[in-house]
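Chains as they are written, first to last, in our numbering: chain D, 1158 to 1461; chain Y, 12 to 528; chain C, 1461 to 1828. Positions of the beta carbon are idealized from the N, C-alpha and C atoms, including for glycine. Note that the structure is predicted; figures quoted are calculated from it, not measured. See structure below.
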Amino acid sequence: MEFLIVLAAAALRVATPILLAALGEMLAERAGVLNLGIEGTMLLAAFVGFVAAHQSGSLWVGLAAAIATGALMGTLMALLSVTLGLNQHVSGLGITLLGGGLALYFFRLLYGGASTPPSLGQSFGQLSVLPGTTLAPLLSQYGLTYFALLLVPVLAFVLRRTAFGLRLHASGENPEAVDIAGVNVYRVRYQALVLGGALMGLAGAFLTLAQLGAFTHGVVNGRGWVAIAIVIFGNWRPVRILLGALLFGFVQALQLRLQAEGVALPYEILLALPYLVTILVLALAGRNANYPAALLKPYRREGG
Amino acid sequence: MTTTPEPVVSLRSVTKRFGALTALADIDLDVRPGEILALLGENGAGKTTLTKIVYGMYQPDDGELRVGGVPVRLRSPADAIASGIGLVSQHFALVPSLTVAENVVLGREGGALLDRSKIEGAVLATAERYGLDVAPRALVRAMSVGAQQRVEILKALHRDCKLLILDEPTAVLTPQDGERLFATLDGLRERGLAVIIITHKLREVMRVSQRVVVLRHGRVVGERATAGASQAELARMMIGREQLPVESASRRGTPLQRTPLQRTPLQRTPLVEARRLTLRDKRGVTLLDDVSFDLYPGEIVGVAAVAGNGQSELVSVLTGMAQPSAGEVLLSGERVSGLPPAQLARLGVGRVPEDRLEAVVGNLSVRENLTLEHIGAFTRAGHLDGRAMAAEADRLIAEYQVKAKPGDLVRTLSGGNIQKIVLARTLSRKPRFVVVAQPTRGLDVGATAYVHERLLEQRDRNAAVLMVSEDLDEVLRLSDRVLVMYGGRIVGDFAADEVDVGRVGLLMAGEGVAVHG
Amino acid sequence: MARSAPTARAARRPWRWEWGSAPWWLRLALPMIAILVTFALASVLIAASGANPLDVFYELLIRPLTRRTSRLEVLVRATPLLLTGVAVAIAFRAGYYNIGAEGQLYAGALAAAFLGPRLGEWAPPAAVAVMLVGGLVAGAAWALLPAVLKVYAKVDEVVTTLLLNSVMLLLVGGLLNGPWRDPVSGWPRSPTIAAAAEFPQVIARSRVHLGFVVALVLVALFWWVLSRTHFGLELRAVGMGATAARFMGVSVRATVLFAALLSGGVAGLAGVGEVAGIHHYLIEGISPDYGYTGIIVATFGGLHALGVAVAAGFLALVDVGSTSASRALGIPAYLGQVVQATLLLVTLAVLLLNRYRPARRSRREERV
């Protein structure tokens, strides 16, 4: 029992950045834009958040900087894919390469001489709810974890019960209908990408400001790609995305645990699971996967 | 009816140009509350452009638009909606995965939060006010086309439109749904709405409108009160010549030179036999319903049908682009349905599809497009014989009078030249069986005559030609036999000299046909 | 009219990839514009980091060409980029967005690391041939699943190829940390390949190896196949208009499938080159994103053979130059990656200029 609770606690921790990033990606895709810039956005935001916290001495400043960076990268993606109508695959990858390049460039520029990676010397602590009970380990999480969990019902509500959610959905399914209804499709897509980028930034911030308290080259390490997989696995719905993220977190936590216990197991197989499961889901659903119908299609008014 | 009410929307000297082409010239138009105005014109007369200007999607180059007597600039559909203008376009602007109510309130949600029961109640109230039968909670995805159209109308009404424009609203409807639509429109008119219905069907004009404005080549060529207009007069204005189907049928033979059809014994065996062809789409809707016919060498068989009655699907099946769900096509007794396009071409089936851009790759050169269909003939061990390709291209360009160089990209050519490329590629192989759809759509007079000559040539060299065209005049002029399709079925089969145009027209409109399902 | 509109809309593409259809002067001008804009943007970055942009550009673009070793090093760097660039270009030409060159490269490297140590008894030419074929097959095999899913189940290839990159990296990591771990040093490093399987140097006293020649041959083959063969014409037709290609009798499925496998195979060769020509064993970081950079090479090269060759050379120069700039001026070598990524985005944007041509006229006439 205790083992399970500890495991679940670890799973929640691991799942947090994936969940935040996946929710951000979900917003973008719901509006009709596949944002492959996710990996680079997370890395750059993780870095900027780290630098801001390091320079200012305040984690909160770092957090704000990371969110702003994510939103900025989202804006760039929107500029390329919405305003200019460029190919979403390639512009997204370009943003990932750019974000990664910028982060590593400035990291080397600012901290290049140091032989050990600089540490913040502080990080967001864990908030304990119900201390002293059996569930204490599970409910002793980073604030961002609670926030991410809270975000799930909030976003579910936004998608189902608000005008913004309706417009978002419609922009991803039939942008022409949105345009004809007198709503600016570009604006909706910009909002989705900027908000989504901010969440990706938050995911990056979690890694450097909460989990590690430092920045390293491999801090994101493919988590953005996992998030993309989980959005599909989660069928573009917040609750199912949470489920996917937890599943991933659980497998990862289990693997870490087994490794620590000295169980000889090629953990890479476990780590590959979320990818393989996603591919399987895609293969089974085929084109019937509930892809937003207008995903990847830049919107242009006919003939205009 | 002593005073004419103030127009809801007026156009004054509206002109719209696209490059060198003038799509609309100096249009004046008024539409008043409580009337249904029919905008009649052939394809390409400028009807859709006019709609888009009124709905804020295009800006006029000249002239002005007045709403309620006040000059306005409509920069976007949002402006048009705000001015009380609603549009039901041919392609429904609906989100299939949302409910009716959600679709209706999209863009006008009435606050940041979406109160479902409230919006559903409001939408239902609008629907009831105008007598529209729609369930607010239904998913649009699961609705029939006719019901989706009602949602589109409801969308406009819910935004308090004073003018409702419907662009070819019956093109996608069954006759029953069409009649239902007209009843709805009558109701809207009685409630004081102004309605513009865009159509090229005379029957609809007569059925539903009070006034009709005829457009041709981007100009208003006539205006009549419907009650006082005759169909023949309107048709003459629309087509712009004394060439009504009935007359042209009697004038067949001129100006085209054609030999009378005389079947030699050899030609008494059918070349093509379609046997009980049936095609259903993914949702199980029947598009082709038990279609059977024979084609003999040396004849042109024309298919007459209103758009959307299965003729496109028939072409898809015959050209190898769709697999029939049941039934088969035999060519000289051998089954060819279901064969891939490459094999059909090899077996002597010449194919000219409805959308010519579906037959050419715009970003490939004229030379490549002319040879790709029979690329095997220009290939040695996988290596292209550039010289042979060039020679073939030069030959076909000269023979078919294509105004292009072999290296030009096809998408830079005009529609007529693209059609010539498709014809050249197809007909130069002397196919036994030619399937051709909408052969002259969008072509100018010269190109049209050219295409007609080439098709008659096929007949005279003993090929069997199946021609689908939405231009009834064309069908009647070229065909030795006319098949009429309606609702995915063949409902009439006439020899050329027995064609009764009135009867064909009725059959096309689904009248005198036992309605199926 | 009502019925043709949807197909016409499907055929209409909002953007086009290549420089190919523009007049020749524009074809030359656009890449130049892209480079100028990229460097203008980069100079802001450089100035912000306290260096003189002109000095940096000198180090980046000129200095590597002034010395023999660095000149040859550009060729060494260009080798995998030529291959991944061709690989990506093949796929993109067929309208198949293979983002998986990175994983396919590693698949080839994996095959090389597996075969290499087992070829000790073989004559060198035969061993090298086995290595090449092995890499080709392995790369194609890794590309198979997404291709099959795309062709038979319409599963978007971008996501699947991308995800398989991560799977491949895990697989490589698993092997290197498991069965292939160096038993003596404990390093995650595969056994050294046999001498017979090593790619010979093609230029004395340099690291330029057989892979470079293979890459050049493949660039030439790419040009030849695309412009001079039956398959190449079909490939282009499918990429530019699958429906029309099908109408003209091209088997779209077979073409896309074959293009995808070919693309994977060529990317696999890049992996073989790095193992057999440079390292002689497999380590985890054998490719600093060569697979992704291949997308930049292909895009910037306009999906043309010559363009790909020039683009690969240019990006390799920036790669080598950024190391040199880092050494001489203390500018982080990651500047190279920033410049390359910016170049990709700017290229995409500049290609928009290519979109507006008199070409649209005919379409309009019919539409009105």
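{"Item": "Excluding the five sequence neighbours on either side, which residues of its own chain have a C-beta within less than 6 Å of the C-beta of Gln254 of chain Y, listed in chain order?", "Value": "The predicted position of Gln254 of chain Y is uncertain, since its pLDDT is 41 and thus under 50; no value can be drawn from it."}
{"Item": "I want to verify the contact list: residues of chain C whose CB lies under 9 Å from the CB of Ile1175 of chain D, in sequence order.", "Value": "Residues of chain C passing the Cβ test: none, with the nearest at roughly 13 Å."}
{"Item": "For Tyr1566 of chain C, count the other beta carbons within 10 Å of its own beta carbon; 16 or more makes it buried, fewer makes it exposed. Which is it?", "Value": "buried"}
{"Item": "Considering only residues of the region 200-239 of chain Y, which uninterrupted alpha helix (DSSP H) runs meet the minimum length of 4 residues and lie entirely inside it, listed in chain order?", "Value": "213-219"}
{"Item": "On the DSSP bridge assignment, give the partners of Asp178 of chain Y in chain order.", "Value": "Y:Ile209"}
{"Item": "For Val1335 of chain D and chain C, any beta-carbon pair shorter than 8 Å?", "Value": "no"}
{"Item": "Could you tell me the boundaries of the alpha helix (DSSP H) in which Met519 of chain Y lies?", "Value": "512-519"}
{"Item": "Under a Cβ-count criterion, where at least 16 other Cβ atoms within 10 Å of its own Cβ denotes burial, should Arg262 of chain Y be classed as buried or exposed?", "Value": "Caution is warranted here: a pLDDT of 35 is assigned to Arg262 of chain Y, below 50, making its placement in the model unreliable, and no coordinate value can be reported."}
{"Item": "Give the interface partners of Ala1338 of chain D over in chain Y, defined as CB-CB distance under 7 Å, in chain order.", "Value": "Leu117, Gly118"}
{"Item": "Got a sec? Which residues, its chain only, sit under 7 Å from Glu179 of chain Y by beta carbon, not counting five neighbours each side?", "Value": "Gln101, Ile209, Thr210"}
{"Item": "Going by DSSP, which residues form a beta bridge with Asp504 of chain Y?", "Value": "Y:Leu494"}
{"Item": "Indicate whether at least one CB of chain C lies closer than 8 Å to the CB of Arg1187 of chain D.", "Value": "no"}
{"Item": "Strictly under 8 Å for the Cβ-Cβ distance: is Glu1330 of chain D near chain Y by that measure?", "Value": "yes"}
{"Item": "To the nearest angstrom, how far is the alpha carbon of Gly221 of chain Y from that of Asp41 of chain Y?", "Value": "Before going on, a small fix: residue 221 of chain Y reads as Gln here, not Gly. Their Cα atoms are separated by approximately 13 Å."}
{"Item": "Would Val1340 of chain D be called buried (16 or more neighbouring beta carbons within 10 Å of its own) or exposed?", "Value": "buried"}
{"Item": "Quick one, which residues of the region 380-393 of chain Y are near chain C if we go by CB-CB under 7 Å, in chain order?", "Value": "Leu383, Glu384, Ile386, Thr390, Gly393"}
{"Item": "For Val1377 of chain D and Ala1384 of chain D, I'd like the C-alpha separation in whole angstroms.", "Value": "11 Å"}
{"Item": "Check this for me: beta carbons of Leu1259 of chain D and Ser1248 of chain D, under 8 Å apart or not?", "Value": "no"}
{"Item": "Using a C-beta to C-beta distance shorter than 7 Å, which residues of chain Y count as neighbours of Thr1319 of chain D?", "Value": "Ala123, Leu124, Leu125"}
{"Item": "So, with DSSP's three-state summary, where would you put Gly453 of chain Y?", "Value": "coil"}
{"Item": "What's the C-alpha gap between Leu306 of chain Y and Val283 of chain Y?", "Value": "5 Å"}
{"Item": "Taking the continuous beta strand (DSSP E) assigned at Val20 of chain Y, which residues delimit it?", "Value": "20-29"}
{"Item": "Quick check on Val1627 of chain C: does DSSP put it in helix, strand or coil?", "Value": "helix"}
{"Item": "Less than 8 Å between the C-beta atoms of Ala1355 of chain D and Gly1189 of chain D, yes or no?", "Value": "no"}
{"Item": "Just verifying my parser: in three-state terms, what is the DSSP assignment at Ala1168 of chain D?", "Value": "helix"}
{"Item": "Among residues of its own chain, excluding the 5 on either side of Ser348 of chain Y, which ones have a beta-carbon nearer than 7 Å to its beta-carbon?", "Value": "Val328, Pro335, Glu339, Val340"}
{"Item": "Pair every Cβ in the region 470-489 of chain Y with every Cβ in the region 306-326 of chain Y, then say whether three or more of these pairs are closer than 8 Å.", "Value": "yes"}
{"Item": "Which whole-angstrom value describes the C-beta separation of Lys212 of chain Y and Thr237 of chain Y, a residue pair presumed to lie in contact below a C-beta threshold of 8 Å?", "Value": "Their Cβ separation, rounded to whole angstroms, is 13 Å, which puts Lys212 of chain Y and Thr237 of chain Y out of contact at 8 Å."}
{"Item": "Please confirm if Pro107 of chain Y has its CB atom under 8 Å from at least one CB of chain D.", "Value": "yes"}
{"Item": "Which residue wins for smallest C-alpha separation from Phe1363 of chain D, given the options D:Tyr1343, D:Phe1263, D:Arg1380, D:Leu1403?", "Value": "D:Arg1380"}
{"Item": "Per DSSP, which one or two residues make a beta bridge with Ile96 of chain Y?", "Value": "Y:Leu174"}
{"Item": "Against chain Y, with Cβ distances strictly below 8 Å, would Phe1552 of chain C count as a contact?", "Value": "no"}
{"Item": "Scan the region 386-444 of chain Y and note each continuous alpha helix (DSSP H) run of 4 residues or more that stays entirely inside, going in chain order.", "Value": "397-410, 426-438"}
{"Item": "Taking its Cβ as the centre, do 16 or more other Cβ atoms sit within 10 Å of Arg1665 of chain C, making it buried, or is it exposed?", "Value": "exposed"}
{"Item": "For the alpha helix (DSSP H) that contains Leu1795 of chain C, what are its first and last residues?", "Value": "1795-1810"}
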